[in-house]
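Below is one structure, written out as structure tokens; comments come after it.
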Amino acid sequence: MTTDRDRVSVERVIPAPPEKIFDLLVDPARHLDIDGSGTVKRARSGGRRLRLGDSFGMDMKIGAKYSTRNQVVALEDNRRIAWRTLAPFPLTLLFTGRTWSYDLEPVDGGTRVRETWDISTEAAIGRPAVRRMAGHTRRNMERTLQRIEDLVTS
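Using the working numbering, read the sequence shown as starting at 1 and increasing by one per residue.
So, in structure tokens, the structure goes:
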């Protein structure tokens, strides 16, 4: 695990090929299955393989229901995917823009998967408040990697 002021990363070696893991990550409908936070409720556009520049929506719930729009900002087949989470107006003025990424590296015994939560791209005014969620987010990310492993090895 690495942590700095605006980034948290967790990693795990999963005994599966990168292609199998990547297939989960590039299908928004599968994000409900891998979400370690319990906040993802439904993909608004699933069952399709994401491409660079694509947008996809998610119905979420943390206390209250809300939705997000996510834009794929990096994609290299079977190696890397990243998306930026964007909030609807007026939240765009305060809390929007964090980047989630997954890097996959083949290693002996499987694939090293690194998930990173990067708030350096978050709206500056809300970043200090979001930064306080780092510890909680790290624990959720560890659960996400466990869920991915459970899905690809069962």
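By construction, the Cβ of each residue, glycine as well, lies at the ideal position given by its N, Cα and C atoms.
*Sub-7 Å separation of A87 and T96 beta-carbons*: Taking the first residue of the sequence shown as 1, we reach residue 87 at position 87. Taking the first residue of the sequence shown as 1, we reach residue 96 at position 96. Yes, Cβ-Cβ distance for A87 and T96 is below 7 Å.
*Are V13 and V107 closer than 7 Å when you measure CB to CB?*
Translated into positions along the sequence shown, residue 13 becomes position 13. Translated into positions along the sequence shown, residue 107 becomes position 107. Contact: yes.
*Is the beta carbon of E11 less than 7 Å from the beta carbon of R114?*
In the sequence shown, the residue the question calls residue 11 occupies position 11. In the sequence shown, the residue the question calls residue 114 occupies position 114. Annotated as proximal: E11 and R114, with beta-carbon spacing under 7 Å.
_Environment of G53 [buried if 16+ CB atoms lie within 10 Å]_ = By one-based count along the sequence shown, residue 53 stands at place 53. Exposed is the call here.
_Closest Cα partner of T137 within the set F22, L25, T39_ = Your numbering for residue 137 matches position 137 in the sequence shown. Residue T39 holds the alpha-carbon nearest to the alpha-carbon of T137 among F22, L25, T39.
*Grouping DSSP H, G and I as helix and E and B as strand, with all else coil, what is N140?*
Taking the first residue of the sequence shown as 1, we reach residue 140 at position 140. Secondary structure at N140: helix, using DSSP grouped into helix, strand and coil.
*If you draw a straight line from the alpha carbon of T68 to that of G57, how long is it in whole angstroms?*
Looking up residue 68 in the sequence shown gives position 68. Looking up residue 57 in the sequence shown gives position 57. The straight-line gap from Cα to Cα measures roughly 6 Å.
*Between the Cα of D23 and the Cα atoms of R51, R7, N140, which residue gives the shortest distance?*
The sequence position of residue 23 within the sequence shown is 23, counting from 1. Shortest Cα-Cα distance from D23 to any of R51, R7, N140 involves R51.
*Contact under 7 Å by Cβ, R147 with I34*: Residue numbering aside, residue 147 sits at position 147 when the sequence shown is read from its first letter. Residue numbering aside, residue 34 sits at position 34 when the sequence shown is read from its first letter. Yes, Cβ-Cβ distance for R147 and I34 is below 7 Å.
*By Cβ distance, which residues of its chain are closer than 7 Å to G126, with the 5 residues on each side in sequence left out?*
Numbered from its first residue, the sequence shown carries residue 126 at position 126. Result list for G126: L94, F95, in chain order.
*Report all residues from its chain with a CB closer than 7 Å to the CB of V26; omit the five preceding and five following residues, and keep chain order.*
As a position in the sequence shown, residue 26 is number 26, starting the count at 1. The residues are R49, L50, I81.
*Please check the pair R143 and D6, which I expect to be a contact at CB under 8 Å, by giving their CB distance rounded to whole angstroms.*
The count along the sequence shown starts at 1 and reaches residue 143 at position 143. The count along the sequence shown starts at 1 and reaches residue 6 at position 6. With a contact defined as Cβ atoms closer than 8 Å, R143 and D6 miss out at about 22 Å.
*If you count every other CB in all the chains shown that lies within 10 Å of the CB of P90, and 16 or more means buried, which is it?*
Position 90 of the sequence shown, counted from the first residue, corresponds to residue 90. Taking all protein chains in view, the Cβ of P90 is surrounded by fewer than 16 other Cβ atoms within 10 Å, so the residue is classified as exposed.
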